[in-house]
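So in this note's numbering, spot 88 of the sequence shown is number 896, and the numbers just go up one at a time.
Idealized CB from N, CA, C, for every residue including glycine.
In this text the structure is predicted, and so the values were computed from the model without any measurement.
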Amino acid sequence: MKTKQDFPSINERPPEGMNADGSKIRVLVVDDSMFVAKQLGQILTSEGYEVVATAVDGKDGVDKYKELCPNIDLVTMDITMPRMDGITALEQIVAFDKNARVVMVSALGKEELVKKSLLLGAKNYIVKPLDRKKVLERISAALK
């Protein structure tokens, strides 16, 4: 009979979504696509992150950030959204909290907008279609 010790745990490393003290890293997902928001949420929660809220456009994202601050560690922000785009929302969040960590989510071919958002204070960016490994790498880098 094999005991558990014979099988090293595949989760030897702590989940990426945990702080050093064991608390979950809290994320606000801002995306007008339910599909993308859900996909991001699944990728993040699978690594131990906690999605504390989702917002359907930039305006909603800014409002939720202000309401939940300081209990948000990271925002994923779609660039192209109705009512208020991600770049305007990024500017408003950074103006409200200069330490905000925002990772932009962009479709391919939007390099200029991505560059602009990085200049305005975004910490990193993710390109759609989402690649689980890249999403986790970019988010983890933005938190350092």
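The Cβ atoms of V913 and G929 do not sit closer than 9 Å to each other. For D905 against D865, the beta-carbon gap comes to about 19 Å, at or over 8 Å, which does not count as contact.
Apart from sequence neighbours up to five positions away, the residues of its chain that approach K867 with a beta-carbon distance below 8 Å are R891, M892 and A897, ordered along the chain. For S914, there is no enclosing alpha helix (DSSP H); the enclosing beta strand (DSSP E) has its first and last residue at V910 to A915.
Closest by C-alpha distance to R940, out of T853, I880 and D871, is T853. Taking a C-beta distance under 9 Å as the contact criterion, I833 and L882 qualify as a contact pair.
Taking C-beta atoms as the reference points, V837 and T862 count as a pair closer than 9 Å.
Less than 9 Å separates the beta-carbon of A950 from that of K931. Exclusion of the five residues before and after V860 leaves R834, V835, L836, L876, N879 and I880 as the residues of its chain whose Cβ lies within less than 8 Å of its Cβ.
Distances from the CA of D871 to each of E919, S948, E899 and Q847 were compared; the closest alpha carbon is that of E899.
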